[in-house]
Amino acid sequence: FDNKKINKIMYNFIASFIIGLFACLFSKIYASIHIDKVIIGDIMLLIPGLSMFISIHDIFKGDTLSGTTRFVEGIFLALSIAGGIGLSLSLGGLL
């Protein structure tokens with residue numbers, strides 16, 4: 071996605087959508103797979119935890135504008151992950 075210049079929000083949405091689709095597919099093929107554990111394990115790599123921590127640190131340090139913008143960016147990234155997983159689960163018939 072670096073060559074296509076896709077922003078982080080679309081990247082996280084597409085990546086979480088693909089993760090959800092593969093989890094749905096493999097859970098239908100192999101009954102012993104727990105789809106919730108697979109999805110949680112995969113999206114942990116996408117969650118913007120460090121960005122949220124740095125935003126709180128910036129706010130406490132006095133840089134309220136940069137802290138707030140990082141915090142809002144982290145919220146949007148988390149919402150894009152949730153949207154991608156939700157869409158893939160609804161298409162996969164598991165929601």
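First residue of the sequence shown: 71, per my numbering; consecutive thereafter.
Even for Gly, the Cβ is constructed at its ideal location relative to N, Cα and C.
Proximity below 8 Å, CB of isoleucine 117 to CB of glycine 90 = Along the sequence shown, read from residue 1 onward, the residue named residue 117 stands at position 47. Along the sequence shown, read from residue 1 onward, the residue named residue 90 stands at position 20. No, they are not a contact pair.
Could you tell me whether the segment 126-139 touches the segment 149-156, using the rule of 3 or more Cβ pairs below 8 Å?
-> Touching, no.
Using alpha carbons as the reference points, say which of Lys78, Ile103, Phe87, Phe141 lies closest to leucine 161.
-> By 1-based counting over the sequence shown, the position of residue 161 is 91. For the residues Lys78, Ile103, Phe87, Phe141, the minimum Cα distance to leucine 161 belongs to Phe87.
Methionine 122 versus phenylalanine 141 - alpha carbon distance | Walking along the sequence shown from the start, residue 122 turns up at place 52. Walking along the sequence shown from the start, residue 141 turns up at place 71. If I take the Cα positions, the gap works out to 6 Å.
Kindly indicate if chain B contains any beta-carbon less than 8 Å away from that of phenylalanine 130.
-> Although the question refers to chain B, the structure presented lacks it and comprises just one protein chain.
Could you round the C-beta distance between isoleucine 103 and phenylalanine 92 to whole angstroms and report it? I think they count as a contact, below 8 Å.
-> Taking the sequence shown and counting its residues from 1, one reaches residue 103 at position 33. Taking the sequence shown and counting its residues from 1, one reaches residue 92 at position 22. The Cβ separation is near 11 Å, so there is no contact.
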